[in-house]
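Sequential numbering from 1 applies to the sequence shown in this note's numbering.
Don't be surprised by glycine CBs; every beta carbon is placed ideally from N, CA and C.
Since the model is a prediction, treat every value here as computed from it, not as a measurement.
Report on the structure given below.
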Amino acid sequence: LAGMEAHSDPMTAFKDVDYALLIGSRPRGPGMERAELLAVNGEIFTAQGKALNAVASRNVKVLVVGNPANTNAYIAMKSAPDLPRSNFTAMLRLDHNRALSQLAAKTHKPVAAIQKMAVWGNHSPTMYADYRFATIDGASVKDMIGDHDWNANTFLPTVGKRGAAIIAARGVSSAASAANAAIDHMRDWALGTNGQWVTMGIPSDGHYGIPKDVMFGFPVICEAGSYRIVEGLPIDAFSQQCIDKTLKELLDEQAGVAHLV
């Protein structure tokens, strides 16, 4: 680390930056409705988006970690009309890493051996961790596990509610694993994934029926400082049901902040 500076004004903090990790957000307090949380964070990310729009590098890579991450990233993106939409991303990598850990434990294989994992949708319990295409040493993970009941009733709830389980156990959120996921996300975006799939929350261009601009988790491949969606994956009835559920939640969140964008 060559140095560190502290700023209270985003206009100076974001001056000419190439990478912006927006980690802080207002946590949900006791008795606070989700709409209230969205409104408070909306103001924060509107200001940060406007500052990035005004002074950041035109190639700035923005990762939003602070929750609700997808909608906060959507607000920041909409507040920065002069920057490319693709510069703004939300962190789904924590869900992706948690899914890999669960699959590794189930199959008794190392995490690093698992390829082609995907997480769809919102960074929330509605996200859909999808291992239908995943492989270990060329073999299908779905065939290795062969248990739809485990997938629906153990795997998906465990990955989706892992954050809440950690808070319940420790009294605080999973800061270290979130920080590690943020590093993974930005490293892969900058340096590439060598053809491997990772998950990023990115603004939709209409892929897989997701409406344009919705900040949605997709499987992507990173290369040369950019990312592209893994296209043409078949979506079965169960997967479509899961994707529709997480999309509805995101559209409801978007509607709740429509007055801000």
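Item to check | Whole alpha helix (DSSP H) elements within the region 143-192, 4-residue minimum | outcome: 156-160, 162-170 and 175-191
Checklist entry - With 16 other CB atoms within 10 Å as the buried threshold, where does Q102 fall? => result buried
Next on the checklist: Restricting to Cα atoms, I'd like to know which of F238, I210 and A164 is closest to G121.
Outcome noted: I210
Checklist entry - Which two residues bound the contiguous alpha helix (DSSP H) that contains D130? => result Where D130 is concerned, there is no enclosing alpha helix (DSSP H), although the beta strand (DSSP E) it sits in stretches over Y128 to D130.
Checklist entry - Can you give, in chain order, each stretch of the beta strand (DSSP E) that sits fully within the region 49-116 and has at least 3 residues? => result 61-64 and 88-90
Checklist entry - Do M186 and K61 have their C-beta atoms closer together than 8 Å? => result yes
Next on the checklist: Determine whether the beta carbon atoms of W197 and V230 lie at a separation below 8 Å.
Outcome noted: yes
Checklist entry - Can you give the Cα-Cα distance for S140 and H148, rounded to whole angstroms? => result 14 Å
Next on the checklist: Just to check my reading of the structure: P81 and Q48 have Cβ atoms closer than 8 Å, yes? What is that Cβ distance to the nearest angstrom?
Outcome noted: Between Q48 and P81 the Cβ distance is about 14 Å, and since that is not below 8 Å, they are no contact.
Next on the checklist: Looking at chain E, is there any beta carbon in it that lies within less than 8 Å of the beta carbon of P211?
Outcome noted: In the structure shown, chain E does not exist; there is a single protein chain.
Item to check | Option nearest Y128 by Cα separation, candidates P157, L191, A51 and G138 | outcome: P157
Checklist entry - Going by the beta-carbon positions, is the gap between A277 and V119 smaller than 8 Å? => result What the structure shows of the chain is the stretch from 1 to 261, and residue 277 is not part of that stretch, so it cannot be assessed.
Next on the checklist: Quick check: what's the CA-CA separation for D236 versus R162?
Outcome noted: 25 Å
Next on the checklist: DSSP three-state label for M200, please.
Outcome noted: strand
Checklist entry - Which word fits K78, buried or exposed, when buried means at least 16 other C-beta atoms lie within 10 angstroms of its C-beta? => result buried
Checklist entry - If we ignore side chains and look at the alpha-carbon of each, how far apart do Y208 and I44 end up? => result 31 Å
Checklist entry - With distances taken between CB atoms, is the gap from A181 to N67 smaller than 8 Å? => result no
Next on the checklist: Among the candidates I167, I136, A134 and M117, whose CA atom is the shortest distance from the CA of T199?
Outcome noted: M117
Checklist entry - Beta-carbon separation of T246 and T126 under 8 Å? => result yes
Next on the checklist: Tell me the rounded alpha-carbon separation between D184 and I23.
Outcome noted: 14 Å
Checklist entry - Cα separation between Q115 and L100? => result 9 Å
Checklist entry - Once you ignore the five residues that flank L38 on each side, which residues in its own chain have a CB closer than 8 Å to its CB? => result P68, T71, E253, G256 and V257
Checklist entry - Quick one, which of H259, G171 and F88 has its alpha-carbon nearest D213's? => result F88
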